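Student: Got a structure here, written out as structure tokens. Questions coming.
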Amino acid sequence: MRIVTVNSYIVTMTTWHPSLEGHGGPRYIAIAEALAEDIGAGRLAARERLPTHRELAWRLGVTVGTVTRAYGEAERRGLIAGEVGRGTFVRERVPTDMPLPAKEETESGFVDLSFNLPPSPPDQQLVADTVAEIGADGQLGRFLAYDMGLGLAGHRAAGAHWMSEGGLAATPDDVVVTAGAQHGMLLAVAALARPGDVVLTEELTYYGIKSIAALLELRLHGLPLDEHGLLPEALDAACRATGAKVLYCIPTLQNPTASVMPAERRREVARICERHDVAIVEDDVYGFLPEQAPAPLSSFAAAGSVYVTGLSKSVAPGLRIGYLRADKRLLDAIGAGLRASTLMASPLMAEVAARLIRSGQARDMALWQRAEARARQKIAAGALAGAEVETHPDAFHLWLKLPEPWRREAFAAEARARGVGIAPAEVFAVGRQPVPHAARVCLQAARSRAQVDKALAILSDLLASRPESHFPLV
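Under my numbering, the first residue of the sequence shown is numbered -10, with each subsequent residue one higher.
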């Protein structure tokens, strides 16, 4: 094989000759299965260039059309990608789950801005004090017992109160206590979709829904975005074309682009979904941040849709308590999923959350996070002046569009080499649409504003430089 180096990428000209033994069915499926097997076994590496259609057809004694169908099937599965004028390559295997975040800034000074982790508020002792109060009240035993329902009554009431503070009317009977917002998303999607179903989402979206889709064997269909979120006309067309019955979206401070969907578009999205009998799963974990956000999309949506929120961003990531609001007709299916996944959300953690909500302390902590986000966004506005950035003054993150000739993977790799972790666009991409050369930068993940300033200075310098180029080697 020949190895060619171009713009920091190693491109291997493979002599791949798959074995089709043991692969039944049509020949094109057998070739696609062999390709998947060799990628999984490491016999084909990421970015390795595959034989041309004609060359592989000659090696295997099949028609060119068979190879074309095989490559098409492999591309549909996300195994390979074709590039005009360059050929067909094994795709970089981006996991549906992000890797675990790096440990807090080490002695080397590495700053990991790839995860949307909130900084610790100054009054974090409140959580410890609340646990102590529960023990002092003599109620600890009650919250260490099993709860086989959808959450204790007081905990469901606290969830309804938290939602109402965010602009969504809810009653305790509509609320399910979950082990965090991610768990709520899993329960909602599992209740609404079956293996093989299509779930609509933004073409750039939170990678957690990609994990859920993989687990539940669902097919995601990405919808194009503009500066206000998903495009209604694209949603309408996708509903007609795919027969999907579920839409997952993040209308407020969309992840990763930080857009906020205006109220009128929310109404339009809700009308389209109602017309096509599509249930909406609204992820509103950032809904507490904007001071003047439109009402949640779920307030316009028809019965059968699900609203999901949590306390991981506003209070503490380790307080794994979330809430979902669902139509009563869905509660049996959601309850079955709850019992099958975690049996219950921790009653002790749910009691801590409920007390923080009832006392107003959770709201105070959320307001602190908003103020901190604003301060860090101001730092970013200065440090990245002149860069192409999409963001919101109250967002935890920003969407950094890269100038020519930077490519997303090379920029993220070079940033990491210089001591800053960011998340390239590929992590958030859904489907086969072209992936922009951009990256998410999570400002809240740094321990301090000084660390934000330091990390953004590194990124600013990197934006002003050019990627390393290599001459071809044979």
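We put the beta carbon where it would ideally sit given N, CA and C, even for glycine.
This one's a predicted model, so the numbers in the text were calculated from it and none came from an experiment.
Quick one: what does DSSP say D163 is sitting in, helix, strand or coil?
Tutor: In the structure shown, D163 sits in a helix (DSSP, three-state: H, G or I).
Student: In terms of alpha-carbon separation, which member of G173, R352, L387 and R260 lies closest to I464?
Tutor: The requested residue 464 does not occur in the structure, where the chain is confined to residues -10 to 463.
Student: Can you tell me which of R397, S288, K234 and G148 puts its alpha carbon nearest to the alpha carbon of G169?
Tutor: Among R397, S288, K234 and G148, the Cα nearest to that of G169 belongs to G148.
Student: How close, in whole Å, do the beta carbons of P306 and D383 come, if the pair is a contact with beta carbons under 8 Å?
Tutor: Going by Cβ atoms, the distance from P306 to D383 rounds to 19 Å, so no, they are not a contact pair.
Student: Please name the residue in V116, I20 and H42 whose C-alpha comes closest to that of L345.
Tutor: Selected option, being the one with the closest Cα: V116.
Student: What does the alpha-carbon distance come out to for the pair L24 and I18?
Tutor: Rounded to whole angstroms, L24 to I18 spans 10 Å at the Cα level.
Student: Grab the span of the beta strand (DSSP E) containing A427 for me, first residue to last.
Tutor: A427 to C431 is the span of the beta strand (DSSP E), which, as asked, contains A427.
Student: Please report the straight-line C-alpha distance between T231 and S301, rounded to a whole angstrom.
Tutor: One C-alpha to the other measures close to 34 Å.
Student: Let me check understanding here. Comparing Cα to Cα, which of L451, A362 and A372 lies closest to G408?
Tutor: Comparing Cα-Cα distances from G408 to each of L451, A362 and A372, the minimum goes to L451.
Student: G293 and T241 - do their beta-carbons sit closer together than 9 Å?
Tutor: No, these two residues do not count as a Cβ contact at 9 Å.
Student: Can you list, in chain order, the residues of its chain with a C-beta nearer than 7 Å to that of I201? Leave out the 5 residues immediately preceding and following it.
Tutor: M174, L175 and V178, listed in sequence order.
Student: For S109, does the count of other Cβ atoms within 10 angstroms reach 16, so buried, or fall short, so exposed?
Tutor: The residue is exposed, with fewer than 16 neighbouring Cβ atoms inside 10 Å.
Student: Helix, strand or coil, according to DSSP, for I464 in the structure here?
Tutor: Because the chain is modelled from -10 through 463, residue 464 falls outside the range shown and cannot be assessed.
Student: Flag this pair as yes or no: are the beta carbons of V120 and L337 separated by less than 9 Å?
Tutor: Their beta carbons are under 9 Å apart, which means V120 touches L337 by this criterion.
Student: Give me the Cβ distance between A21 and A63, rounded to the nearest whole Å; I'm assuming they're in contact under 8 Å.
Tutor: Sure, about 5 Å apart at Cβ, within 8 Å.
Student: What's the gap between the Cα of G29 and the Cα of G299?
Tutor: Spanning the two alpha carbons is a distance of roughly 36 Å.
Student: For G326, which residues from the same chain have a beta carbon less than 8 Å from its beta carbon, with the 5 sequence-adjacent residues on both sides left out?
Tutor: Answer for G326: L175, L176, A179 and A180, listed in chain order.
Student: For the alpha helix (DSSP H) that L356 lies in, which residues bound it at each end?
Tutor: L356 -> alpha helix (DSSP H) spans Q350 to A372.
Student: In angstroms, rounded to a whole number, what distance separates the CA positions of R328 and D136?
Tutor: Cα-Cα distance, rounded: 10 Å.
Student: Along the chain, where does the beta strand (DSSP E) containing G296 start, and where does it finish?
Tutor: Strictly speaking, residue 296 in this sequence is Tyr, with Gly absent from that position. Y296 -> beta strand (DSSP E) spans V295 to G299.
Student: Hey, M152 and Y60: beta-carbon distance below 9 Å or not?
Tutor: No, they are not a contact pair.
Student: Figure out for me which residue from R396, E379 and L193 has the closest Cα to the Cα of Q422.
Tutor: Looking at the Cα atoms, L193 is the closest of the given residues.
Student: Between the alpha carbons of V416 and P245, how many angstroms are there, rounded?
Tutor: If you take the alpha carbons of V416 and P245, they lie about 10 Å apart.
Student: Is D112 helix, strand or coil by DSSP?
Tutor: Coil, per DSSP.
Student: Grab the span of the alpha helix (DSSP H) containing D450 for me, first residue to last.
Tutor: R438 to A453 is the span of the alpha helix (DSSP H), which, as asked, contains D450.
Student: Does the pairing of the segment 247 to 262 with the segment 125 to 132 give three or more beta-carbon distances under 8 Å?
Tutor: Segments in contact, no.
Student: Nearest by alpha-carbon distance to E154: which of P283, V166 and A334 is it?
Tutor: Checking every option, the nearest Cα to that of E154 belongs to P283.
Student: Which ranges would you report for the beta strand (DSSP E) in the segment 28 to 73 if only whole runs of at least 3 residues count?
Tutor: Within the segment 28 to 73, the complete beta strand (DSSP E) runs of at least 3 residues are 69 to 72.
Student: With a cut-off of 8 Å on the beta carbons, I'd call C238 and E191 a contact; round off their distance for me.
Tutor: 6 Å between Cβ atoms; contact.
Student: Can you tell me which of the three DSSP states W388 falls into?
Tutor: Of the three classes helix, strand and coil, the one that applies to W388 here is strand, per DSSP.
Student: What's the call for Q366, buried or exposed, on a 16-neighbour Cβ count within 10 Å?
Tutor: Per the 10 Å Cβ criterion, buried.
Student: Apart from the five residues just before and just after G98, which ones in its own chain have a Cβ nearer than 7 Å to its Cβ?
Tutor: Result list for G98: G408, in chain order.
Student: Just the C-alpha distance for H172 and V274, rounded to the nearest angstrom, thanks.
Tutor: Answer to the nearest angstrom: the Cα atoms are 12 Å apart.
Student: Can you pull the DSSP bridge partners for I323?
Tutor: The partner list for I323 (beta bridge, DSSP) is empty, contrary to what the question assumes.
Student: Compute the Euclidean distance between the alpha carbons of N105 and V441, then round it to the nearest angstrom.
Tutor: If I take the Cα positions, the gap works out to 13 Å.
Student: With a cut-off of 8 Å, do at least 3 Cβ pairs link the segment 45 to 53 to the segment 3 to 17?
Tutor: The segment 45 to 53, when compared against the segment 3 to 17, does touch it at the 8 Å Cβ threshold.
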